[in-house]
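First up is the structure itself, then whatever we jot down about it.
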Amino acid sequence: PVAWGYEGDIGPCNWHKYFPKAGGKRQSPIDIDTSATQYDGSFKPLRIHYDSHMCSSLTNNGHTFCMSVNSDQCNLSGGPLEDKYRLLQFHCHWGSDDTKGSEHTVDGHQYAAELHLVHWNTDKFKSADEAIEKNQGIAVLTAFIKAGKEHRGWNHVLSHFKDIKKVQGTSTVNEDFNPKCLLPENQTDYWTYEGSLTTPPCHESVRFIIFKEVVEVSSEQLAQFRSLCVCSSRKRDTGEDEHLVDNFRPIQPLNGRVVKASFQ
Ligand SMILES: CCN[C@H]1CN(CCOC)S(=O)(=O)c2sc(S(N)(=O)=O)cc21
Ligand SMILES: [Zn+2]
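According to the numbering used here, the sequence shown is numbered sequentially starting from 2.
Okay, here's the thing in structure tokens:
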């Protein structure tokens, strides 16, 4: 597999050389210009049904932490979606300080981090591997994160970070944890548009559903995100491990796409 990253020669400006879809016309992330969004009154209520008795595993894949979920009881439907989608994994993107880190921006404002809950279309496809390459294959529930009061739900995930400090570190999470607790209270107000995976291979298969309400976590919790190492490449001349920061892709051209809003 081709190495890619977020800085230097293997950074986002060169992804298209090895991953041609990264130069496509419906790439993500984008800036949400709230003056240009279009209200769509036809959306049905979003249905987010997650159970909490699910075994999952937390991995440091060298680009972010990834909580893989293997419960067929975690489903998403309704809203702008025509089909039923199953939760595959969730992860986050963040920056080296609280002033940057989200992938999408709102009227040019970048948040400290961004949560992605990745789902695949089980009505249309037989496997996630098939769905990730196909139009309407993936739906990503997205919540912005800012520094504020401590988020107790996140501690269930962060408590496992010591086991995944190194790349390819994996920890099995068997506790009673429901990822729904990571979402904002208001789940009726969101923006949605058709885009892509924000990492290589950047398949143009993603429907993004982005909540308007921002979730708060403490600065200490954000610092724990940044404690994860890339560690796969050489140690800096200071001998310290390279840390996994600024793992957000820059915003991409809208190319005429319209961002729909579920609210007026
Ligand atoms: C580091 C690799 N990230 C990707 C891994 N997967 C695709 C598998 O490619 C072979 S995936 O479908 O789970 C997703 S969703 C997603 S984002 N940031 O758009 O929500 C990125 C990826
Ligand atoms: Zn992501």
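Just so it is clear, CB atoms sit at the ideal spot from N, CA and C, and this is done for glycine as well.
Just to confirm my understanding: we take S93, look at its own chain, exclude 5 residues before and 5 after, and list those with CB closer than 8 Å. What are they?
The displayed chain sequence assigns Cys, not Ser, to residue 93. Correct list, in chain order: T65, F66, A114, E115, L116, H117, I146, F226.
Within the chosen definition, does the region 18-33 reach the region 201-219 through at least 3 CB pairs nearer than 8 Å?
yes
Cα-Cα separation between S103 and N156, rounded to whole angstroms:
20 Å
Check this for me: beta carbons of L89 and A129, under 8 Å apart or not?
In contact: L89 and A129 (Cβ atoms closer than 8 Å).
In the DSSP assignment, find the unbroken beta strand (DSSP E) run with K45 in it and report its ends.
45-50
Determine the DSSP secondary structure at I133, reduced to helix, strand or coil.
coil
Use the C-beta contact count for A144: other C-beta atoms within 10 angstroms, 16 or more gives buried, fewer gives exposed.
buried
In the DSSP assignment, what are the bridge partners of L77?
I49, Y86
Near ligand 4: H152 beta-carbon under 7 Å from a heavy atom
Inclusion of ligand 4 in the displayed structure is not the case, the ligand content consisting of ligand 1 and ligand 2 alone.
For ligand 1, is there any heavy atom lying closer than 7 Å to the beta carbon of L88?
no
Grouping DSSP H, G and I as helix and E and B as strand, with all else coil, what is C139?
Rather than Cys, the amino acid found at residue 139 in this sequence is Ile. Under the three-state reduction of DSSP, I139 is assigned to strand.
Classify H175 as buried or exposed, calling it buried when 16 or more other Cβ atoms lie within 10 Å of its own Cβ.
For clarity, residue 175 is Asn in the given sequence; the question names His instead. By the 10 Å Cβ count, N175 comes out exposed.
Grouping DSSP H, G and I as helix and E and B as strand, with all else coil, what is A224?
In this structure, A224 counts as helix in the three-state DSSP scheme.
On the criterion of 16 or more Cβ atoms from any shown chain inside 10 Å, does N187 qualify as buried, or is it exposed?
With a 10 Å radius around the Cβ and a threshold of 16 neighbouring Cβ atoms, N187 comes out exposed.
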